[in-house]
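Just remember that our numbering sits 70 ahead of the position in the sequence shown, which is counted from 1.
Cβ atoms here follow ideal geometry from the backbone N, Cα and C, with glycine treated the same way.
Reviewing the structure listed below.
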Amino acid sequence: MRGEDRAMELLDGEAAQRYISQHLRSMEENDKCVIFLIDIDNTAEIVEHYGEKEKECVTQHMGHMLSSVFRASDIVSQVGNDEFIVFLSGDFTEEEIVRQAEALCESVQYRPEEAPKIRVTACIGVYIAYGRRISIER
């Protein structure tokens, strides 16, 4: 399990970046991929009112939820305290990705059992890449 976060079974940020970089460099003209960028909102407020443990529970819940929503072949990684990326490649349409992003927006909203006054939400960005030999920096 090297390169993975055992608690959530997510690929760690460095391993995810290596995999994504390698995939982008090997893309051909008709290939495409998608990166979802997910940032949990208001984590500082969660820590302030309920403590670090509750923030960790929210983060773990997000990791488990993302792992269950996407395919096993997709890369799900926690890249910061409250930030995740999901990398998909294969055959899909932009409409399918938009529907998946909309469903993801609905899925990330919930109220933790331990702190029901909190409504967990997240910002989600989507980047679709087409073509040959793209760099991750781009």
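Boundaries for residue 178: no beta strand (DSSP E) harbours it, and the DSSP string shows neither H nor E there. Listed as beta-bridge partners of residue 121 by DSSP are no residues whatsoever. If the five residues before and after residue 195 are omitted, its C-beta is found closer than 6 Å to the C-beta atoms of 107, all from its own chain and listed in chain order. For residue 164, the closest of 198, 124, 118 by C-alpha to C-alpha distance is 198.
Taking C-beta atoms as the reference points, residue 177 and residue 80 fail to come closer than 7 Å. The DSSP-derived three-state label of residue 85 is helix. The three-state secondary structure of residue 142, taken from DSSP, is coil.
Within the same chain, and ignoring the five residues on either side of residue 153 in sequence, the residues whose Cβ sits closer than 6 Å to its Cβ are 109.
Taking a 10 Å sphere around the C-beta of residue 125, we find 16 or more other C-beta atoms and assign the residue as buried. With distances taken between CA atoms, residue 87 lies nearest to 150 out of 150, 191, 188.
Assignment of residue 153 by DSSP, reduced to helix, strand and coil, places it in the strand class.
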